[in-house]
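In what follows, a structure is listed as structure tokens, so that the remarks can point back to it.
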Amino acid sequence: MAVNTNGTKNPLLIEVQDLKTYFFLHEGLVKAVDGVSFEIREGRSLGVIGESGCGKSVTAQSLMRIVPSPPGREVGGKILLHLRSKDSNVEEVVNVLELPPNSAKMRSIRGKKIGMIFQEPMTSFSPLHTIGSQIMEAVLIHEKNIDKKTARLMTIEMLARVGIPNPQRLVDAYPHQFSGGMRQRAMIAMALVCGPSLLIGDEPTTALDVTIEAQILELIKDLQEEFGMALMYISHDLAVVGQMVDEIMVMYMGMTMEYAKTDDIFDDPLHPYTVALWRSIPKVEGKLERLRPISGTLPSPYAVIPGCPFFSRCESRMKGVCDAALPPLIEAKPGHKVRCFLYGTSSAVSQGNDAAGNN
Amino acid sequence: MANTEEPLLEVRDLKKWFPISKGFFQRGVGYIKAVDGVNITVQPGETLGVVGESGSGKTTLGRCITRLYEATSGEILLRVGDRVLDVTKIKGDDLKLFRRSAQTIFQDPYSSLNPRMNILETVGEPLLVNNIAHGRELEDRVTEMILQVGLRVEHLRRFPHSFSGGQRQRIGIARALVVQPKLVVADEPVSALDVSIQAQVLNLLQELQDKFQLTYIFISHAMSVIRYVSNRIAVMYAGRLVELGDKTEVLTHPRHPYTEMLLNAVPRFSERRVIKRGVTRGEPPDLGNLPPGCVFVARCRYAKEVCKTTPPELRDLGSGTIASCHLADELELTGIRGAAV
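First to last, the protein sequences are chains A and B. Going by this note's numbering, 71 is the number at position 71 of the first sequence; the sequence numbering is gapless. Going by this note's numbering, 1308 is the number at position 308 of the second sequence; the sequence numbering is gapless.
In structure tokens:
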């Protein structure tokens, strides 16, 4: 399946509008995701970047409706999923947030329409059942007219596709018999066996060694193209995300700070947080300059911040402006959104770029 | 790094084998050869970066050097003043002298600090057990040290749980440096930290190195971090040292096929959205059952018959690089071109 290069032609797959997922804890209210909007078109890919606690994983969990509840709850916004059956053009739009998490409809979406791979493959498999039986279970739950024998064949075929050697034998192996890289391959097989339209990877290679990571990234990218899937790739590692996706959303304290095409994020980052993040990471290429750390630390997750959440650490902060009100997410350049007063206050303003002093 | 100087540390044919035992009687059935014949010299004032994947033996090597593990065989010689300590054999007062001279900074700032000890006790403990300072003097030295690492006096009586990951790593650094060591083994000191905090700690380590003329053995799996801190780079694979050389040489002109694979696996900003097809293959070997020839043979795209049967020796290949590969002279390997400074 050819991935559309200009992107705009592919039909919408998922639209997230002003998503808010809060955690109601004894210690206070944590706004883990606080008004995030994005969309992914069929066959396209979005990367979500941010440090721990920025809300990137909770955003993904909200799409799957697997936010631990209580204490977590999606309190606002919409997640519109466009469901199309493969053989007809009938389109159904579902607001995932209106479905009870354990309803039949949601369960049919979870796993079949949206597949997910996690960071730690050991905890994602039950140690008591064979790899094969767990992948087969996914098939048998979602495809009512498939019998066990066919499911087993599908499982073996999928294991072979993700690069498990000797799948006829290893389909009956237990998770502990696999190495970390093999387990991650098996988890990818489990996520893809029902042919989802969207694959979410939540730091799927963070626990792996770099040579194994390269293999898994390549595999995910190959399968995305082969199956024509959309991909949402979550990571703290800018370099990894840069390889994998068409667009990148930078998150901080539960909010979208910047959202643009991958090239624009790397070549022309607008938000001071994105710029600071870029300067603070060591790189394998280019001039060896002294790293410039982001000053300060993340605010407490319970803190109520009236203005921009990055204010206390920002080098370009404007007192009396940025700490007074939350800057809106505006389109500073065509297709390049940023939440920062340096670029004005509304979408109409575009001359803010010169004042910002691009680095 | 002037090679005319006497080395601070010499590691000769170091081996650390962990016995594997099985069954009710815990019969020994073999060995995990975590470190298997490593030779390294470290010059005073330099940073030697040790890079490798999990299971490569880099942590075990570091732990043998600071004698957190007893080496199975081999020699570790540390120069302290005009004396040379034979690390694997020392006892008594010499061991105390060694403990003052070589210290470790650990990876995980959450599990490496005792939750029941406040910062004064944590950082002061090495002074106390090594009989260096007591009472008022101890408190003064601890205070001075925590100021050096960017903590504040009011932090002294607080406990680890009230600090962030970055601050805890600063505490770990203060604890290592308070005895004024010469050699510091930093084992993945920034891997557990968020990206924005990593830079603070890396810069702090460099400032302290300049201020106290420290020598670092910096262990990391992250090539970008290794490039940032090191003068020379040692590459380990399956318990062996496969390549050692000047930083820029190793990064731009690797001489061992494993180094090439490792460098090509690193995602690069300049080549984003280019996932290079098939740059890496296979997985590391079982350390309890290593192949008879080269340990990398199963994954090496250049392997020949000789590689399967004969283990390669580390050889000096000129331009300061040593590598253990039979084919090092004939191969033209590619590194990271943009890594040249």
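Backbone N, C-alpha and C fix where the C-beta goes; we use that ideal spot for every residue, glycine too. Just so you know, these numbers come straight off a predicted model, no measurement behind them.
### Query
Quick one, which residues of the region 200-230 of chain A are near chain B if we go by CB-CB under 8 Å, in chain order?
Asp209, Val210, Thr211, Ile212, Glu213, Ala214, Gln215, Leu217, Glu218, Lys221
#### Entry: Minimum C-alpha distance to Glu1249 (chain B) - residue among B:Glu1006, B:Thr1259, B:Arg1240
B:Thr1259
### Message
What residue range does the beta strand (DSSP E) around Phe1218 (chain B) cover?
### Response
1215-1220
#### Entry: CB contact check: Thr1280 (chain B) to chain A, cutoff 8 Å
yes
#### Entry: Touching by the beta-carbon criterion (3+ pairs, under 8 Å), the region 51-58 of chain A and the region 7-17 of chain A
Counting C-beta pairs closer than 8 Å gives fewer than three between the region 51-58 of chain A and the region 7-17 of chain A, which falls short of the contact rule.
### Secondary structure, beta strand (DSSP E): runs of 3+ residues fully inside the region 1112-1193 of chain B
1183-1187
### Query
Expressed to the nearest angstrom, what Euclidean distance is found between the alpha-carbon atoms of Asp1036 (chain B) and Pro1284 (chain B)?
So the alpha carbons of these two residues sit roughly 15 Å apart.
### Task
Starting from the beta carbon of Val58 (chain A), find every residue of chain B whose beta carbon is closer than 8 Å, and list them in chain order.
Ordered by position in chain B, no residue passes the 8 Å Cβ test against Val58 (chain A), which lies about 17 Å from the chain.
### Three-state secondary structure (DSSP) of Leu198 (chain A)
strand
### Query
At least one CB of chain A closer than 8 Å to the CB of Ser1054 (chain B): is that the case?
With 8 Å as the cut-off, Ser1054 (chain B) counts as an interface residue toward chain A.
### Task
Check the Cβ-Cβ distances between Ser1196 (chain B) and every residue of chain A, and say whether any is below 8 Å.
yes
### Assigned secondary structure, Leu12 (chain A) (DSSP; H/G/I helix, E/B strand, else coil)
Taken through DSSP and simplified to helix, strand or coil, Leu12 (chain A) comes out as strand.
### Query
Using a beta-carbon distance cut-off of less than 7 Å, what residues from the region 1171-1195 of chain B approach chain A?
Asp1194, Val1195
### Query
Counting along the chain, where does the alpha helix (DSSP H) carrying Lys221 (chain A) start and finish?
210-227
### Task
Write down the C-beta distance between Gly1318 (chain B) and His1253 (chain B) rounded to the nearest angstrom, noting that I regard them as a contact closer than 8 Å.
Not a contact, Cβ separation roughly 11 Å.
### Query
Which term fits Asn166 (chain A), buried or exposed, when burial requires 16 or more other beta carbons within 10 angstroms of its beta carbon?
exposed
### Query
With a Cβ-Cβ cutoff of 8 Å, do Ile1322 (chain B) and Gly1245 (chain B) count as a contact?
yes
### chain A contact residues for Met1236 (chain B), given Cβ-Cβ distances below 9 Å
The contacting residues do not exist; Met1236 (chain B) stays about 12 Å from chain A at best.
### Query
Which residues in the same chain as Asp323 (chain A) place their Cβ atom closer than 6 Å to its Cβ, once the five residues preceding and following it in sequence are excluded?
Beyond the five residues adjoining it in sequence on each side, Asp323 (chain A) comes within less than 6 Å, by CB distance, of Gly307, Phe311 in the same chain, given in chain order.
### Task
Give me the Cβ distance between Pro293 (chain A) and Gln1200 (chain B), rounded to the nearest whole Å; I'm assuming they're in contact under 8 Å.
4 Å
### Task
Starting from the Cα of Val193 (chain A), find the closest Cα among A:Gly180, A:Ser133, A:Asp268, A:Gly76 and give me that residue.
Distance from the Cα of Val193 (chain A) is smallest, within the candidate group A:Gly180, A:Ser133, A:Asp268, A:Gly76, for A:Ser133.
### Query
Which runs of the alpha helix (DSSP H) spanning at least 4 residues fall entirely within the region 267-325 of chain A, listed in chain order?
272-280
### Message
Any beta carbon of chain A sitting closer than 8 Å to that of Ala1323 (chain B)?
### Response
no
### Query
If you count every other CB in all the chains shown that lies within 10 Å of the CB of Ser1101 (chain B), and 16 or more means buried, which is it?
buried
### Neighbouring residues, chain B, relative to Lys283 (chain A) (Cβ below 7 Å)
Ser1224, Phe1269
### Query
Which runs of the beta strand (DSSP E), 3 residues or longer, sit entirely within the region 121-209 of chain A?
198-202
### Query
Should Ile220 (chain A) and Ala60 (chain A) be called a contact, given that it needs their Cβ atoms to be closer than 8 Å?
no
### Message
Run through the DSSP bridge pairs and tell me what Glu42 (chain A) is partnered with.
### Response
DSSP, once it has assigned bridges, lists no residue as partnering Glu42 (chain A).
### Task
Could you tell me whether any Cβ in chain B is nearer than 8 Å to the Cβ of Glu51 (chain A)?
Answer yes: the Cβ-Cβ gap between Glu51 (chain A) and chain B drops below 8 Å somewhere.
### Given Ile49 (chain A) as reference, the closest of A:Glu143, A:Val36, A:Tyr252 once Cα atoms are compared
A:Tyr252
### Message
When you compare the region 1180-1194 of chain B with the region 1218-1231 of chain B, are there three or more beta-carbon pairs, one atom per stretch, that lie closer than 8 Å?
### Response
yes
### Task
Please state if the CB of Val36 (chain A) and the CB of Thr301 (chain A) are separated by a distance shorter than 8 Å.
According to the sequence displayed, residue 301 (chain A) carries Pro and not Thr. In this structure, Val36 (chain A) does not lie closer than 8 Å to Pro301 (chain A) by Cβ.
### Query
What number of angstroms, rounded off, separates the C-alpha of Glu225 (chain A) from the C-alpha of Gly43 (chain A)?
So the two alpha carbons sit approximately 7 Å from each other.
### Task
Pair every Cβ in the region 154-173 of chain A with every Cβ in the region 198-213 of chain A, then say whether three or more of these pairs are closer than 8 Å.
no
### Message
Check for me: the beta strand (DSSP E) holding Leu1241 (chain B) runs from which residue to which?
### Response
1240-1246
### Task
Please classify Thr1104 (chain B): does DSSP put it in a helix, a strand, or coil?
strand
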